[in-house]
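Student:
There are 2 protein chains.
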Amino acid sequence: MASINKATDPRRSILAVGSLAFDSIRTPAGKADRILGGSANYFSISASFFTNLKLVGIVGQDFPREHLDVLSKRGIDLEGLEIAKGETFHWVGEYGTDLNEAKTLSTCLNVFEHFNPKLPGNYVDSRYVFLGNIVPALQRSVYNQLKKPVLVALDSMNFWITGQRESLLETLKIVDLLTINEGEAYLLSEQSNILDAAKTIRKMGPKALIIKRGEYGALLFTDNGIFSAPALPLSTVKDPTGAGDTFAGGVMGYLAHEDAGEAIFKDDSILRRAVIYGSVMASFTVEDFGFTNLLRTTAKAAEERYQQFLKMTRF
Amino acid sequence: MASINKATDPRRSILAVGSLAFDSIRTPAGKADRILGGSANYFSISASFFTNLKLVGIVGQDFPREHLDVLSKRGIDLEGLEIAKGETFHWVGEYGTDLNEAKTLSTCLNVFEHFNPKLPGNYVDSRYVFLGNIVPALQRSVYNQLKKPVLVALDSMNFWITGQRESLLETLKIVDLLTINEGEAYLLSEQSNILDAAKTIRKMGPKALIIKRGEYGALLFTDNGIFSAPALPLSTVKDPTGAGDTFAGGVMGYLAHEDAGEAIFKDDSILRRAVIYGSVMASFTVEDFGFTNLLRTTAKAAEERYQQFLKMTRF
Numbered sequence: 522m523a524s525i526n527k528a529t530d531p532r533r534s535i536l537a538v539g540s541l542a543f544d545s546i547r548t549p550a551g552k553a554d555r556i557l558g559g560s561a562n563y564f565s566i567s568a569s570f571f572t573n574l575k576l577v578g579i580v581g582q583d584f585p586r587e588h589l590d591v592l593s594k595r596g597i598d599l600e601g602l603e604i605a606k607g608e609t610f611h612w613v614g615e616y617g618t619d620l621n622e623a624k625t626l627s628t629c630l631n632v633f634e635h636f637n638p639k640l641p642g643n644y645v646d647s648r649y650v651f652l653g654n655i656v657p658a659l660q661r662s663v664y665n666q667l668k669k670p671v672l673v674a675l676d677s678m679n680f681w682i683t684g685q686r687e688s689l690l691e692t693l694k695i696v697d698l699l700t701i702n703e704g705e706a707y708l709l710s711e712q713s714n715i716l717d718a719a720k721t722i723r724k725m726g727p728k729a730l731i732i733k734r735g736e737y738g739a740l741l742f743t744d745n746g747i748f749s750a751p752a753l754p755l756s757t758v759k760d761p762t763g764a765g766d767t768f769a770g771g772v773m774g775y776l777a778h779e780d781a782g783e784a785i786f787k788d789d790s791i792l793r794r795a796v797i798y799g800s801v802m803a804s805f806t807v808e809d810f811g812f813t814n815l816l817r818t819t820a821k822a823a824e825e826r827y828q829q830f831l832k833m834t835r836f
Numbered sequence: 522m523a524s525i526n527k528a529t530d531p532r533r534s535i536l537a538v539g540s541l542a543f544d545s546i547r548t549p550a551g552k553a554d555r556i557l558g559g560s561a562n563y564f565s566i567s568a569s570f571f572t573n574l575k576l577v578g579i580v581g582q583d584f585p586r587e588h589l590d591v592l593s594k595r596g597i598d599l600e601g602l603e604i605a606k607g608e609t610f611h612w613v614g615e616y617g618t619d620l621n622e623a624k625t626l627s628t629c630l631n632v633f634e635h636f637n638p639k640l641p642g643n644y645v646d647s648r649y650v651f652l653g654n655i656v657p658a659l660q661r662s663v664y665n666q667l668k669k670p671v672l673v674a675l676d677s678m679n680f681w682i683t684g685q686r687e688s689l690l691e692t693l694k695i696v697d698l699l700t701i702n703e704g705e706a707y708l709l710s711e712q713s714n715i716l717d718a719a720k721t722i723r724k725m726g727p728k729a730l731i732i733k734r735g736e737y738g739a740l741l742f743t744d745n746g747i748f749s750a751p752a753l754p755l756s757t758v759k760d761p762t763g764a765g766d767t768f769a770g771g772v773m774g775y776l777a778h779e780d781a782g783e784a785i786f787k788d789d790s791i792l793r794r795a796v797i798y799g800s801v802m803a804s805f806t807v808e809d810f811g812f813t814n815l816l817r818t819t820a821k822a823a824e825e826r827y828q829q830f831l832k833m834t835r836f
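First to last, the protein sequences are chains A and B. So for the first sequence, the working numbering puts the first residue at 522; every next one is plus one. So for the second sequence, the working numbering puts the first residue at 522; every next one is plus one.
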């Protein structure tokens, strides 16, 4: 049985850059106003079950101090978090019956608009790196400040694929592992078949590609072939916001925890388990609004869900 | 390694009732005019890799003799096939980019409209039974002519769920195993969550329920819990027509081949393998129009795909 006793070795910590935000969300299960969200938030809380983190991001002066304490207590280093004059990024969105797709109602970038990440001195040695969903040029800027990263993962979205395609393609060249939604994979690859899409995207840079399919699970593509992971059918799904970043947090968290470095590409067994841990962590997030449920879960509960995935897929 | 050497024991043969038809199909990959199709056709050819069959159905005098020879040569008994005065059932449909959903353009029932299945004497001892997608009352009529069936599987569709709901619910009471599309499962159960849907449907009769999700695979629900099976990602998908019946043919073919009878509900391991064989057979069907590709495939090729499913899901 795989273990997720949290790693404390600083060489196994993850540097994560992304957004911290207020989210206002409406889903068929209800609504939530100005709750905490953002890709870096979801990613870090999820990965913090596996290892410590160094956070790079920006918030406004309206961001609650208590939440920063929550992050710190989970081993998330906030030295790289800039608290800028002005308001925090605010996203307003809603979901219909198809919880796999969010409709953005408004995006106020606020302080995020002038974000220019500068890594503190003790961040530049980071070996495991997650470049969350931000402007592709800033993702590269973070990467360029690093001395010798071992594994670089990236998440992006349709907004950058269509709006800053060339810059995103430039960034993809430095990426080892890309996590992306199914619809975005088709958009990025300009293909209509999943195998063709994966082949095209892997030629853009990422040695490993994870295509996220919401409630249908995820597909991992590497030189070792394909791994198909289901999602856990849940009796309650309230809010899918942050599921993708929580997923990425579980994946990278486990990879950093194992510190397998380049070896993960020789044989995909560690990556396969990482995808399952990603799915486990995402399953907690969607059961309630925001990261309410993710914050109250335990390593033991995560391990139990991992076992459920095993039981659900054996034949 | 599981084996699919075809069973010849007559106690392991399957009685299958359903449609035999001409299909005119348009998909993004091309079109096909008046090719052979129908639920009983796809089901029988698929199941004939595993065991012999007894077919119950009706065709018009325009149905090609050569195709009946093809079926006979595969061990499909045609004594229960009525050749009636008039034309064979003709379905016209098309698929958009979303190959998971067919749009029916026209349905000419022709001789199928007056179908009243009567089982030949040597059919009534059949122990494995597939009630393909026809009028629910006729499904019951076939069942009522049987002496002592061991395992009754059923497939249905939205047309009967909405149009003959009460009759379908009556039929479901006699069913051991139901295979149904995801959208139809929501429609039948009047639920919006997959676990709730499965629970509701299983209370209607079927001890085992398989929810088919097209390119996302299938979910099996039994008293032993949930089994999640992926679909095989394919580089060529030309025509999804018949995939569901081919799937059911693989499932029932394997169950009859193993002749596990009621035991399949004590422990779901045989059912799990059956679901994978169903997915294997369906993967062949969709690679070309009609059952062109299913007819030219081999048991060896099926076994190789079964191994691909194993490799694709291990962690």
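Think of the CB as a built atom: it goes at the ideal place given N, C-alpha and C, for glycine as much as any other residue. Predicted model, so just to flag it, every value in this text is computed and none were measured.
Taking the alpha carbon of A/N814 as the reference point, which residue from A/F636, A/M802, A/L831 and A/T572 has its own alpha carbon closest?
Tutor: Of the candidates A/F636, A/M802, A/L831 and A/T572, the one whose C-alpha sits nearest the C-alpha of A/N814 is A/M802.
Student: Comparing alpha-carbon positions, which option in B/G596, B/D598, B/F836 and B/R555 lies nearest A/I747?
Tutor: Among B/G596, B/D598, B/F836 and B/R555, the Cα nearest to that of A/I747 belongs to B/F836.
Student: So, using beta-carbon positions, are A/L589 and A/A561 closer together than 8 angstroms?
Tutor: No, these two residues do not count as a Cβ contact at 8 angstroms.
Student: Out of A/T625, A/Y649 and A/F768, state which residue places its alpha-carbon closest to the alpha-carbon of A/F805.
Tutor: Out of A/T625, A/Y649 and A/F768, A/F768 has the C-alpha closest to the C-alpha of A/F805.
Student: When the distance is taken between beta carbons, is B/V807 closer than 8 angstroms to B/A750?
Tutor: It is not a contact, given that the beta carbons lie outside the stated cut-off.
Student: Do you know how far the Cα of A/E711 is from the Cα of B/E703?
Tutor: Distance between the alpha carbons of B/E703 and A/E711: 28 angstroms.
Student: For A/N745, which residues from the same chain have a beta carbon less than 7 angstroms from its beta carbon, with the 5 sequence-adjacent residues on both sides left out?
Tutor: The residues are D788 and D789.
Student: Could you tell me whether the region 536-552 of chain B touches the region 543-560 of chain A, where touching means 3 or more Cβ pairs closer than 8 angstroms?
Tutor: Taking 8 angstroms as the limit for Cβ pairs, the verdict is that the region 543-560 of chain A does not touch the region 536-552 of chain B.
Student: Roughly how many angstroms separate the alpha carbons of A/V696 and A/R648, rounded to a whole number?
Tutor: Each residue's Cα considered, the two are about 13 angstroms apart.
Student: Out of B/R586, B/G601 and B/K594, which has the shortest C-alpha to C-alpha gap to B/L576?
Tutor: That would be B/G601, whose Cα lies nearest to the Cα of B/L576.
Student: So, for A/L831: in the same chain, excluding its five sequence neighbours on each side, which residues have a beta-carbon less than 6 angstroms away from its beta-carbon?
Tutor: Counting only Cβ-Cβ distances below 6 angstroms, and skipping sequence neighbours, we find nothing.
Student: Looking at chain B, is there any beta carbon in it that lies within less than 8 angstroms of the beta carbon of A/F571?
Tutor: So no, A/F571 is outside the interface.
Student: What residues of chain A sit near B/Y775, judged by a beta carbon separation below 8 angstroms?
Tutor: In chain order: nothing, as chain A lies at least about 11 angstroms away.
Student: Roughly how many angstroms separate the alpha carbons of A/N654 and B/R734, rounded to a whole number?
Tutor: The straight-line gap from Cα to Cα measures roughly 30 angstroms.
Student: Which of the three DSSP states is assigned to B/F571 in this structure?
Tutor: If DSSP states are grouped into helix, strand and coil, B/F571 belongs with coil.
Student: Is the Cβ of B/N526 closer than 8 angstroms to any Cβ of chain A?
Tutor: Judged by the 8 angstroms Cβ criterion, B/N526 is not in contact with chain A.
Student: Mind checking if B/N679 is an interface residue toward chain A, Cβ cutoff 8 angstroms exclusive?
Tutor: Closer than 8 angstroms: no.
Student: Quick check for students: name the residue ranges of the alpha helix (DSSP H) that lie wholly in the region 671-751 of chain B, counting only runs of 4 or more.
Tutor: Runs of the alpha helix (DSSP H) inside the region 671-751 of chain B: 679-684, 686-693, 703-710 and 715-724.
Student: Could you have a look at A/A781 and say whether DSSP puts it in helix, strand or coil?
Tutor: Three-state DSSP puts A/A781 in coil, outside helix and strand.
Student: For the pair the region 714-730 of chain B and the region 684-694 of chain B, tell me if three or more CB-CB distances fall below 8 angstroms.
Tutor: Yes, since at least three Cβ pairs between the region 714-730 of chain B and the region 684-694 of chain B fall closer than 8 angstroms, the two stretches touch.
Student: Can a CB atom of chain B be found closer than 8 angstroms to the CB of A/S713?
Tutor: With 8 angstroms as the cut-off, A/S713 counts as an interface residue toward chain B.
Student: So, is A/G774 buried or exposed, given that buried needs 16 or more other C-beta atoms within 10 angstroms?
Tutor: Burial call: buried.
Student: Give me the Cβ distance between B/L792 and B/T743, rounded to the nearest whole Å; I'm assuming they're in contact under 8 angstroms.
Tutor: About 6 angstroms separates the two Cβ atoms, so the contact holds.
Student: Can a CB atom of chain B be found closer than 8 angstroms to the CB of A/F633?
Tutor: It does not: the Cβ of A/F633 has no partner Cβ on chain B nearer than 8 angstroms.
Student: Using a Cβ cut-off of 9 angstroms, pull out every chain E residue sitting near A/R794, in sequence order please.
Tutor: No chain E appears in this structure, whose protein chains are A and B.
Student: Inspect the beta-carbon positions of A/A623 and A/Y616 and report whether they are closer than 8 angstroms.
Tutor: Going by C-beta atoms, A/A623 is nearer than 8 angstroms to A/Y616.
Student: With a threshold of 6 angstroms on Cβ separation, who are the neighbours of B/A706 within its own chain once the five nearest residues in sequence on each side are excluded?
Tutor: Excluding positions up to five away in sequence, the list reads A718 and I732.
Student: Spatial neighbours of A/V613 within its chain, please: CB distance less than 7 angstroms, with the 5 preceding and 5 following residues excluded, ordered by chain position.
Tutor: The residues are S545, L626 and S627.
Student: Going along the chain, which unbroken runs of the beta strand (DSSP E) with 3 or more residues stay wholly within the region 562-617 of chain A?
Tutor: Segments of the beta strand (DSSP E) lying fully in the region 562-617 of chain A: 574-581, 602-605 and 611-616.
Student: Can you tell me whether DSSP reads A/G551 as helix, strand or coil?
Tutor: Strand.
Student: Please list the terminal residues of the continuous beta strand (DSSP E) segment that includes B/F786.
Tutor: It is not in any beta strand (DSSP E) - B/F786 carries neither H nor E in the DSSP assignment.
Student: How about A/I597: is its C-beta nearer than 8 angstroms to some C-beta of chain B?
Tutor: For A/I597, the answer is no, since every Cβ of chain B falls outside 8 angstroms of its Cβ.
Student: By the 8 angstroms beta-carbon criterion, what residues does the region 720-745 of chain B contribute toward chain A?
Tutor: Cβ contacts with chain A come from R734, E736, Y737, G738 and L740.
Student: Name the DSSP bridge partner or partners of B/G558?
Tutor: Paired residues: B/A542.
Student: Looking only at C-alpha atoms, which of A/L675, A/Q828 and A/Q582 sits nearest to A/L753?
Tutor: The residue with the shortest Cα to Cα distance from A/L753 is A/Q828.
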